[in-house]
Amino acid sequence: MKFIYCPLCGRKLEEKYSWDEGGVPYCPKDDMLFFDVPKPCVVVAIIKENKILLLKQSYIYKNSKVLVSGYVSPDEKAEDAVLREVKEETGLIVDNIKYLGSDYVKGKDLLMLTYIAYYKSGEIVKSSEVEWLDWSNIGDALNEMSEDEIGKAVVRKVLEEIG
Ligand SMILES: [Zn+2]
1 MKFIYCPLCG RKLEEKYSWD EGGVPYCPKD DMLFFDVPKP CVVVAIIKEN KILLLKQSYI
61 YKNSKVLVSG YVSPDEKAED AVLREVKEET GLIVDNIKYL GSDYVKGKDL LMLTYIAYYK
121 SGEIVKSSEV EWLDWSNIGD ALNEMSEDEI GKAVVRKVLE EIG
């Protein structure tokens with residue numbers, strides 16, 4: 001996202017030179033630079049023995065299952081977003097969260113931070129924004145996630161991770 005107006009005071013931003021970043025939108029009143037920023041999201045592969053938790057959310061993909069995902073809130077660490085999104089969407093508690101790398105969604109301006117996390121406790125309680133969720137065999141996940149390229153890339157990393 002590129003800032004044109006100051007998100008704090010609303011005045012039109014000026015361009016200010018900032019070292020190797022070049023010209024950056026700047027508000028002289030608030031003395032703050034507003035860098036172009038993608039929205040950070042977390043994507044989580046939740047693992048329980050040889051199972052992975054898959055969801056169906058038609059507003060994301062019509063014919064494909066997906067992993068738990070969500071936006072990182074302001075003032076929140078990505079790892080806390082993982083715990084919060086997993087709890088909100090599935091009712092489960094996870095631990096041993098490990099970062100698997102990032103992906104960028106062009107056009108949507110999303111920076112996807114991908115994680116593996118292990119089931120710790122709790123029963124599945126489906127949130128209203130999820131149509132279906134359940135444990136699937138990790139070996140079947142790639143077929144069931146046909147449309148979700150980023151999710152499939154995460155599953156491939158999970159398969160490397162757990163061997
Ligand atoms: Zn301002």
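Each step along the sequence shown adds one to the number in UniProt numbering, with nothing skipped, and position 84 is 84. Note that CB positions come from ideal geometry on N, CA and C, so glycine has one too.
With DSSP as the reference, identify every bridge partner of residue i, one or two as the case may be.
i    : result
V44  : V68, Y115
I4   : In the DSSP output, where bridge partners are listed per residue, I4 has none listed.
M32  : C27
I52  : I47, S136
S121 : I93
Y61  : DSSP, once it has assigned bridges, lists no residue as partnering Y61.
V105 : L110
K39  : L110
Is it right to say residue i is buried, meaning 16 or more other beta carbons lie within 10 angstroms of its own, or is it exposed?
i           : result
M112        : buried
P25         : buried
I138        : buried
E15         : exposed
Y17         : exposed
C41         : buried
C9          : exposed
M145        : buried
K65         : buried
residue 184 : The structure shown does not extend to residue 184, since the chain is modelled only from 1 through 163, so no value can be given for it.
Taking DSSP as the reference, what is the three-state secondary structure of residue i?
i    : result
E14  : strand
D134 : strand
N96  : strand
D75  : coil
K157 : helix
K126 : coil
G163 : coil
E21  : helix
D80  : helix
E147 : coil
> In chain order, what residues have a CB nearer than 6 Å to some heavy atom of ligand 1?
Replying inline: Cβ-based neighbours of ligand 1 within the cut-off: C6, L8, C9, R11, C27, K29, D30.
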